[in-house]
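Participant: First residue of the sequence shown: 1400, per this note's numbering; consecutive thereafter. Using N, Cα and C, we set each Cβ at its ideal position, and we do this for glycine too. These numbers were taken from a predicted model, which means no experiment stands behind them.
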Amino acid sequence: MLRAWRVLGGFLCLWLAANAYAAPLGQPSVQIHVDQFGYLPALKKVAVIAEAALNNANASGYQPGTMFEIRRSVDNRVVLRSQPSVWRQGAVHAQSGDRVWWFDFSALTQTGEYYVYDPSNALRSDSFRIGVDVYRSVLQQATRMFFYQRCGHAKQQPFADARWADSACHLADRRARDVHAPHDAATERDLSGGWHDAGDYNKYTILTAETLSDLLFAFSNNRAIWADDFNLPESGNGVPDLLDEIKWELDWLLRMQNRDGSVLTKLSAADFQSAAPPSADATVRYYGAASTSATLAAAVSFAHAALVYREYMPAYAERLESAAGRAWRWAAAHPDMLFDNAGFGSESTEVNAYQRAMFKLAAAIYLSALTGAADYGVYVEAHLRTTHALQWDYWHCYEALLQDALWFYADLPNAPAKTAQTLRASHASALRGPDFLAAFQQGTDAYRAYLKDDCYTWGSNRLKSHLGLLFFQQATQSATDAALYREAGAQYLHYLHGVNPLGLVYLTNMREYGAANSLNEIFHRWFRNGSVWDNAATSPRGPAPGFLSGGPHRTFAPSPEYQGTLLTNLHHQPPQRAYLDWNGDWPENSWELTEPAIYYQAAYLHLLATTLTQYQAAPPSTALISQR
1400 MLRAWRVLGG FLCLWLAANA YAAPLGQPSV QIHVDQFGYL PALKKVAVIA EAALNNANAS
1460 GYQPGTMFEI RRSVDNRVVL RSQPSVWRQG AVHAQSGDRV WWFDFSALTQ TGEYYVYDPS
1520 NALRSDSFRI GVDVYRSVLQ QATRMFFYQR CGHAKQQPFA DARWADSACH LADRRARDVH
1580 APHDAATERD LSGGWHDAGD YNKYTILTAE TLSDLLFAFS NNRAIWADDF NLPESGNGVP
1640 DLLDEIKWEL DWLLRMQNRD GSVLTKLSAA DFQSAAPPSA DATVRYYGAA STSATLAAAV
1700 SFAHAALVYR EYMPAYAERL ESAAGRAWRW AAAHPDMLFD NAGFGSESTE VNAYQRAMFK
1760 LAAAIYLSAL TGAADYGVYV EAHLRTTHAL QWDYWHCYEA LLQDALWFYA DLPNAPAKTA
1820 QTLRASHASA LRGPDFLAAF QQGTDAYRAY LKDDCYTWGS NRLKSHLGLL FFQQATQSAT
1880 DAALYREAGA QYLHYLHGVN PLGLVYLTNM REYGAANSLN EIFHRWFRNG SVWDNAATSP
1940 RGPAPGFLSG GPHRTFAPSP EYQGTLLTNL HHQPPQRAYL DWNGDWPENS WELTEPAIYY
2000 QAAYLHLLAT TLTQYQAAPP STALISQR
């Protein structure tokens, strides 16, 4: 008898374990927007509830109930009940075409899994978590995007999921030739390694500069979150994995430097041929000549990286410092050597005179910090007033590399106190302005992460990240409004995690990591349309997880040869809705919206890392309000 009870008890335990979570109430609704990964306990938590009203194609006819609830996923128990507030008395939000309500559940800080429930309509959000670790797997997967972008490196188990395993690609880069002398073996150079720039497989020196700037600051300003366990081949070597990943790109950048200090501008296919997976791509690639822009951009990266690597790899930091000095000297002797892109069909990346000057200023800032040499500091002081930030007293989302360097300079011990004060005052003045804190306080964006209409352009998700970072920077300097600036900065992360009109997490294939509605498709030569990697929902593998797409683009239009109507209609959508989850090639041109890029990814990681650090440093309230 006792044995029978034990057996019955065992079955009962198994039944209870299998049924630990009750079925959630109601039906999931695309009208209830939350951060689909969840919230750190101290974060402001606001669900955005929307009725699509402006565009008939999006109209939902949804009318929210007068009371909303937070229910616990494990047993559907109500833990918080409150009335949502209507945004601007029921006005239509022009950037989304929606009528919006805000449901604030910030009082909920207890660790657990929950969902938002509208009892009047029996509709609910997807589940989300609250806890100190809610973004941990997101951080890892978004960082591992760079591993999958590695050129010339095998992606094999256990470091790659079997669905995205591949052998080393583009091994012929070890013998790359000058695009102007493709048959001359004497021009051969080992230019292997580095990251594929975006959805294509090319590699560009100039575009690397902002990428590395964001990643180096993501590390140096938030060291505690970067572990040595991101499942990279270098994991466990005693160096934080993000620095190992950055080194893969820096090693390539060092190979791009000539003996005289100049740096080659690009390594690229001459046209647009490619194959999937990357190891199948046998396209011959060539390098483009050195230029002042590329050399100064590399000097920025070498000097900044040397400062960070001193603690972990001293000999490597010395090599980077030497490379930075040689690049600086060559650029000073060749101030206007432009790259003409002849022989290539791919992007030029050459910049204008102002941008070259800003590369030089940023390089001088990091070289001043690195070497202590007075000449660099003199150069910085003589040229600070040429920056848009100080000329306009306006800091914005388009010049992150230079502005981050200025912010770094203001904290240097050898920076003149008056200069530091001027920079901080200019930053504070801009952030108090109508496009920043005032916009947040006035609720200008119904989705709580304001960006001007003309910033919903190619790569708008990168701009969202950089704008959020501006708020976080000011939070470190504001004695009275630090919490408000932090709150504003975090909203840009929530936007990218699903608090947007489309309810999309703008990262690929993240269902296994907590996102109910992440991107199924991106424009990428590996994960191309019709392949086994095409779509996370319908193809056998889908794209690898964690790739951030470019985002909504309000002036997008397919090529004139396109004969359909769906894509043409995107042009008529409100700015925040000018997006489609697809990966069509020419003439659809999905790359303008859905292509990932290493610089988009780096900006996002910088924002995510900063959010983690600023909010984990702020102790959350332990209060839990229940209004049953």
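1) Using 8 Å for Cβ pairs, my map puts V1447 next to V1499. What's the rounded Cβ distance?
2) Out of S1536, A2002 and Y1711, point me to the one whose CA is closest to G1858's CA.
3) On the three-pair Cβ rule with 8 Å, is the segment 1484–1491 touching the segment 1437–1444?
4) Are there three or more Cβ pairs, one per stretch, closer than 8 Å when the segment 1803–1817 is compared with the segment 1770–1781?
5) Who pairs with K1444 in a beta bridge, going by DSSP?
6) How many angstroms separate the CA atom of L1507 from the CA atom of E1468?
7) Consult DSSP for V1683 and reduce its assignment to one of helix, strand or coil.
8) I want to know whether the segment 1815–1829 touches the segment 1966–1973 - three or more CB-CB distances under 8 Å.
9) Does the distance from the C-beta atom of K1665 to that of T1586 stay below 8 Å?
10) Please tell me whether N1601 and S1745 are closer than 8 Å, where the distance is taken between their beta carbons.
11) Let's see if you can read the secondary structure: which residues bound the alpha helix (DSSP H) around S1612?
12) So, L1611 versus A1763, is the Cβ gap smaller than 8 Å?
13) Assuming contact is defined by CB atoms lying nearer than 8 Å, are L1947 and Q1890 in contact in what I supplied?
14) Grab the span of the alpha helix (DSSP H) containing S1930 for me, first residue to last.
15) Which partner residues of F1527 appear in the DSSP bridge assignment?
16) Can you tell me the Cβ-Cβ gap for A1679 and P1973, rounded? I've got them flagged as a contact below 8 Å.
17) Run through the segment 1753–1802 for me and flag every whole alpha helix (DSSP H) of 4 or more residues, listed as ranges in chain order.
18) Determine the burial state of A1741: buried for a count of at least 16 other Cβ atoms within 10 Å of its Cβ, exposed for fewer.
19) Taking the C-alpha atoms as reference points, what is the distance between I1921 and A1809?
20) Report the three-state DSSP secondary structure of I1469 (helix, strand or coil).
21) CA-CA distance, R1885 and I1624?
22) Out of curiosity, what's the CA-to-CA distance linking A1730 and D1803?
23) When the Cα atoms are used, what is the spatial distance from G1425 to L1901?
24) Does the separation of the CB atoms of V1931 and F1743 fall below 8 Å?
25) Cutting at 6 Å between CB atoms, please list the residues of its own chain near L1649, excluding the five before and the five after it.
26) Per DSSP, Y1438 is paired with what?
27) Leaving out the 5 sequence neighbours to the left and right, which residues in its chain are closer than 6 Å to A1799 when beta-carbon positions are compared?
28) So, at 7 Å on beta carbons, what are the nonlocal neighbours of N1455 in its own chain, with the 5 sequence-adjacent residues on each side left out?
29) Taking the continuous alpha helix (DSSP H) assigned at D1665, which residues delimit it?
30) Whose C-beta lies closer than 6 Å to the C-beta of Q2015 among residues of the same chain, with five residues either side of it excluded?
31) To the nearest angstrom, how far is it from the Cα of T1607 to the Cα of G1460?
32) Nearest CA to the CA of K1759: which residue from H1569, A1697, E1717 and Y1846?
33) Provide the residue span of the beta strand (DSSP E) that contains A1486, from first to last.
34) If I measure Cβ to Cβ from Y1894 and keep anything under 8 Å in the same chain, skipping five residues before and after, which residues do I get?
35) With DSSP collapsed to three states, give me the class of T1964.
Facilitator: With the given structure in hand:
1) Here residue 1447 refers to the residue found at position 48 of the sequence shown. Here residue 1499 refers to the residue found at position 100 of the sequence shown. Confirmed, about 6 Å.
2) Position 459 of the sequence shown, counted from the start, is the residue given in the question as residue 1858. Minimum Cα distance to G1858 is reached at A2002.
3) no
4) yes
5) One-based indexing of the sequence shown puts residue 1444 at position 45. According to DSSP, which records beta bridges pairwise, K1444 is partnered with nothing at all.
6) In the sequence shown, counting from the first residue as 1, residue 1507 sits at position 108. In the sequence shown, counting from the first residue as 1, residue 1468 sits at position 69. Between L1507 and E1468, the C-alpha separation is close to 11 Å.
7) Counted from its first residue, the sequence shown places residue 1683 at position 284. Here V1683 sits in coil by DSSP.
8) no
9) For this step, residue 1665 is matched to residue 266 along the sequence shown. For this step, residue 1586 is matched to residue 187 along the sequence shown. Cβ distance not < 8 Å, so K1665 and T1586 don't count as in contact.
10) Within the sequence shown, the letter at position 202 stands for residue 1601. Within the sequence shown, the letter at position 346 stands for residue 1745. Taking 8 Å as the Cβ cut-off, N1601 and S1745 qualify as a contacting pair.
11) The count along the sequence shown starts at 1 and reaches residue 1612 at position 213. Looking at the DSSP string, the run of the alpha helix (DSSP H) that includes S1612 is T1604 to S1619.
12) Here residue 1611 corresponds to residue number 212 of the sequence shown, with the count starting at 1. Here residue 1763 corresponds to residue number 364 of the sequence shown, with the count starting at 1. In this structure, A1763 does not lie closer than 8 Å to L1611 by Cβ.
13) To locate residue 1947, count along the sequence shown from 1; it is residue 548. To locate residue 1890, count along the sequence shown from 1; it is residue 491. No.
14) Looking up residue 1930 in the sequence shown gives position 531. Premise fails: S1930 is in no alpha helix (DSSP H) and is neither H nor E.
15) As a first step, residue 1527 is located in the sequence shown; it is residue number 128 there, counting from the start. Answer by DSSP bridge pairing, in chain order: Y1513.
16) Translated into positions along the sequence shown, residue 1679 becomes position 280. Translated into positions along the sequence shown, residue 1973 becomes position 574. About 40 Å; that fails the 8 Å criterion.
17) 1773–1782 and 1787–1791
18) On the sequence shown, position 342 is the one that residue 1741 refers to. Counting Cβ neighbours within 10 Å, A1741 comes out exposed, since fewer than 16 surround it.
19) Indexing the sequence shown from 1 puts residue 1921 at position 522. Indexing the sequence shown from 1 puts residue 1809 at position 410. Whole-angstrom Cα-Cα distance: 39 Å.
20) Walking along the sequence shown from the start, residue 1469 turns up at place 70. Strand at I1469.
21) Indexing the sequence shown from 1 puts residue 1885 at position 486. Indexing the sequence shown from 1 puts residue 1624 at position 225. Taking the straight line joining both Cα atoms gives about 18 Å.
22) Position 331 of the sequence shown, counting from 1, holds the residue named residue 1730. Position 404 of the sequence shown, counting from 1, holds the residue named residue 1803. Going by the C-alpha atoms only, they are around 22 Å apart.
23) Translated into the one-based positions of the sequence shown, residue 1425 becomes position 26. Translated into the one-based positions of the sequence shown, residue 1901 becomes position 502. The straight-line gap from Cα to Cα measures roughly 21 Å.
24) Looking up residue 1931 in the sequence shown gives position 532. Looking up residue 1743 in the sequence shown gives position 344. In this structure, F1743 does not lie closer than 8 Å to V1931 by Cβ.
25) The sequence position of residue 1649 within the sequence shown is 250, counting from 1. Excluding sequence neighbours, L1649 sits near A1704.
26) In the sequence shown, the residue the question calls residue 1438 occupies position 39. Beta-bridge pairing links Y1438 to I1529.
27) Along the sequence shown, read from residue 1 onward, the residue named residue 1799 stands at position 400. Counting only Cβ-Cβ distances below 6 Å, and skipping sequence neighbours, we find H1865.
28) Start at 1 with the first residue of the sequence shown, and residue 1455 comes out as number 56. Any reading at N1455 must be qualified, since the residue scores a pLDDT of 45, below 50, and its modelled position is unreliable; the value itself is stated next. None.
29) As a position in the sequence shown, residue 1665 is number 266, starting the count at 1. The residue asked about is misnamed: residue 1665 is Lys in this sequence, not Asp. Taken as a continuous stretch (DSSP letters only), K1665 belongs to no alpha helix (DSSP H), being part of the beta strand (DSSP E) at L1663 to A1668.
30) By 1-based counting over the sequence shown, the position of residue 2015 is 616. If we look at Q2015 and ignore the five residues flanking it on each side, it has no Cβ neighbours.
31) Within the sequence shown, the letter at position 208 stands for residue 1607. Within the sequence shown, the letter at position 61 stands for residue 1460. If I take the Cα positions, the gap works out to 46 Å.
32) Mapped onto the sequence shown, residue 1759 falls at position 360. Taking only the C-alpha atoms, the option nearest K1759 is A1697.
33) Taking the first residue of the sequence shown as position 1, residue 1486 is located at position 87. According to the sequence displayed, residue 1486 carries Trp and not Ala. That residue, W1486, is in no beta strand (DSSP E); it is neither H nor E in DSSP.
34) Here the question's residue 1894 lines up with position 495 in the sequence shown. If we look at Y1894 and ignore the five residues flanking it on each side, its Cβ neighbours are Y1846, R1847, A1848 and K1863.
35) For this step, residue 1964 is matched to residue 565 along the sequence shown. Three-state DSSP puts T1964 in coil, outside helix and strand.
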